[in-house]
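Engineer: Just so you know, this note's numbering puts the end of the sequence shown at 1049, numbered straight through with nothing missing.
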Amino acid sequence: MAPTRCSRRLSVPLLFASKSRSSQILFLLIHIPVAFFLLLLAMRIWRISVYLLCATIGGRQNILMINGMDTRPYRLSWPCSCIIFDISPQSVFNVASKKLKGTGAKIGRNCNLVHVPLESIDLQAALYKKGFSGNMPSLWAIQGLPISTLTSLKGILSLVSSSTKKGSILMGELPAFLTGTEFETKEKRHQWTDKLFMSHGFRVNVVGYNEIAKNMHLDESFDDTKNIVFSAEQLRFSDAEMESWRAHLERIEEEGDEEGFEEL
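1) Could you tell me the distance, in whole angstroms, from the CA atom of Cys-865 to the CA atom of Gly-965?
2) Kindly indicate which three-state DSSP category Leu-903 falls into: helix, strand or coil?
3) Hey, is the region 885–901 in contact with the region 949–959, meaning 3+ C-beta pairs nearer than 8 Å?
4) Run the CB neighbour count on Asn-990, radius 10 Å, all protein chains shown included, and call it buried at 16 or more, exposed below.
5) Are there 16 or more other CB atoms within 10 angstroms of the CB of Phe-962, so buried, or fewer, so exposed?
6) Any contact between the region 900–909 and the region 871–886? By contact I mean 3 or more CB pairs, one from each, below 8 Å.
7) Where does Glu-958 land, buried or exposed, given buried means 16+ other C-beta within 10 angstroms?
8) CB-CB under 7 Å to Ile-1013, same chain, minus the five flanking residues each way: which ones, in chain order?
9) Are the beta-carbon atoms belonging to Ala-881 and Met-850 less than 8 Å from one another?
10) Would you list the one or two residues that DSSP bridges to Gly-965?
11) From which residue to which residue does the alpha helix (DSSP H) around Met-956 run?
12) Run through the DSSP bridge pairs and tell me what Asp-871 is partnered with.
13) Spell out the partners DSSP gives Ala-926 in its beta bridges.
14) Can you give the beta carbon distance from Asn-920 to Glu-1018, rounded, assuming they're within the 8 Å contact cut?
15) Can you tell me which of the three DSSP states Arg-1021 falls into?
16) Tell me which residue opens and which closes the alpha helix (DSSP H) that Phe-917 is part of.
17) Going by C-alpha distance, which of Ser-937, Ile-868 and Ala-890 is nearest Thr-856?
18) Can you tell me whether Asn-879 is helix, strand or coil according to DSSP?
19) Tell me whether Val-1014 sits in a helix, a strand or coil according to DSSP, three-state version.
20) Could you round the C-beta distance between Thr-949 and Ser-923 to whole angstroms and report it? I think they count as a contact, below 8 Å.
21) Can you look up Arg-894 in the DSSP assignment and give me helix, strand or coil?
22) According to DSSP, what are the bridge partners of Ala-987?
23) Check Met-1027 in the structure and name its three-state DSSP category.
24) Can you tell me whether Asn-847 is buried or exposed, with buried defined as 16 or more other CB within 10 angstroms of its CB?
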C-alpha cells in the first residue's frame, strides 16, 4: 500500500561529517543491512538507501532513470515535499501507470511524481520544464535503463553532469559489456570506469556485490562480472549554477559602471 503521509527524515550519523559524499554513499552501501544494489532484496532496496541518501545530501529532487516498469517509487516512504522525476520510455510508462492506478498505487500526498519521456529530444530542457532545478541538490539513480552502447552512456553522463548542482550524487549499476573485451579484469574495469566518469566531472567509487555481501555477513555469492555498481559525486558546477554566476557578475559590473558614471 502506498504511504499516506511522508516519512520523518532519518538522522545522519556524525561520522558522515568527516567523509566526502561519495564515501558516505559507499558507507551506506556496505554497512546498512539493506543494500540498494542487491537485486535479490528488491523490495527493500530503495526503502533504506534512497531515503538515507536523501537525508544525507539534503536534496528534494530525486531522478530515477529506470525501465518504466519499476513499482518501487510507489512503495517507498519518501522524505516530505520531495519531487521524484521518473525518466523512462513513454510507452512502457503508460502501460505501467495504468496498471498501477488500477491497483490504487500512488505517491504520498506530500510528494510529487513527474514522468519525463526518455525519448525527449532535449532531456535537460524537458526536466527543467517539469520543474527540475540545477541550482538545487539532487540524487540520480540508474537501474534498469536500456543502455546498449557506450555512446548512450556518455550521453547520460553528459546530461547528468550539465544538469546537477555541484556535490549531487549519481548512483546505480551499468552493464559491464560497455567496457569492451579489453577490460576483462575487475581492476581494469574499475580504472576504465574511473576515467570515464572523471572525464564528465564525477569522482566515482566502484563496489562489488560480493564486497557488499561480505560486509553484510551474507553467505551468498554474487556475480560481479555482469554489472558495474557505482556511486559518484558531481565535482563540476551545473549549467544553471554557471548561468547564475554569470548573471551575478554582470550585475556587479553594471553596478560598478553606474557608480563610476555618478562620480563623473
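Positions of the beta carbon are idealized from the N, C-alpha and C atoms, including for glycine.
The model shown is predicted, which means the values in this text are computed figures rather than measured ones.
Structural biologist: Reading off the structure:
1) As a position in the sequence shown, residue 865 is number 80, starting the count at 1. As a position in the sequence shown, residue 965 is number 180, starting the count at 1. About 42 Å.
2) To locate residue 903, count along the sequence shown from 1; it is residue 118. Coil.
3) no
4) The count along the sequence shown starts at 1 and reaches residue 990 at position 205. Asn-990 should be labelled buried.
5) Start at 1 with the first residue of the sequence shown, and residue 962 comes out as number 177. The residue in question, Phe-962, is exposed, as its Cβ has fewer than 16 Cβ neighbours within 10 Å.
6) yes
7) The residue given as residue 958 occupies position 173 in the sequence shown. With 16 or more Cβ atoms within 10 Å of its Cβ, Glu-958 is classed as buried.
8) Taking the sequence shown and counting its residues from 1, one reaches residue 1013 at position 228. Correct list, in chain order: Glu-958, Leu-959, Ala-961, Arg-974, Thr-978 and Val-991.
9) Here residue 881 refers to the residue found at position 96 when the sequence shown is read from its first residue. Here residue 850 refers to the residue found at position 65 when the sequence shown is read from its first residue. Not a contact, by the Cβ cut-off of 8 Å.
10) In the sequence shown, residue 965 corresponds to position 180, counting from 1. Answer is none; Gly-965 lacks a bridge partner.
11) Your numbering for residue 956 matches position 171 in the sequence shown. Premise fails: Met-956 lies in the beta strand (DSSP E), 954–960, not in any alpha helix (DSSP H).
12) The residue labelled residue 871 in the question sits at position 86 within the sequence shown. Answer is Leu-849 and His-900, bridged to Asp-871.
13) Residue numbering aside, residue 926 sits at position 141 when the sequence shown is read from its first letter. Paired residue(s): Leu-849 and Met-956.
14) Working through the sequence shown from its first residue, we reach residue 920 at position 135. Working through the sequence shown from its first residue, we reach residue 1018 at position 233. Contact doesn't hold; Cβ gap of about 17 Å is too wide.
15) In the sequence shown, counting from the first residue as 1, residue 1021 sits at position 236. Coil at Arg-1021, not helix or strand.
16) On the sequence shown, residue 917 is found 132 positions in, with the first residue counted as 1. Element bounds for Phe-917: n/a, residue is neither H nor E.
17) Looking up residue 856 in the sequence shown gives position 71. For Thr-856, the nearest C-alpha among the options comes from Ala-890.
18) Numbered from its first residue, the sequence shown carries residue 879 at position 94. Correct three-state label for Asn-879: helix.
19) The sequence position of residue 1014 within the sequence shown is 229, counting from 1. It is a strand residue.
20) As a working note, residue 949 is residue 164 in the sequence shown. As a working note, residue 923 is residue 138 in the sequence shown. Contact holds; Cβ gap of about 5 Å.
21) Taking the first residue of the sequence shown as position 1, residue 894 is located at position 109. Here Arg-894 sits in coil by DSSP.
22) The count along the sequence shown starts at 1 and reaches residue 987 at position 202. Residue 987 is actually Phe in this sequence, not Ala. Per DSSP, Gln-1019.
23) Taking the first residue of the sequence shown as position 1, residue 1027 is located at position 242. In the structure shown, Met-1027 sits in a helix (DSSP, three-state: H, G or I).
24) Against the sequence shown, residue 847 aligns to sequence position 62. That one is buried.
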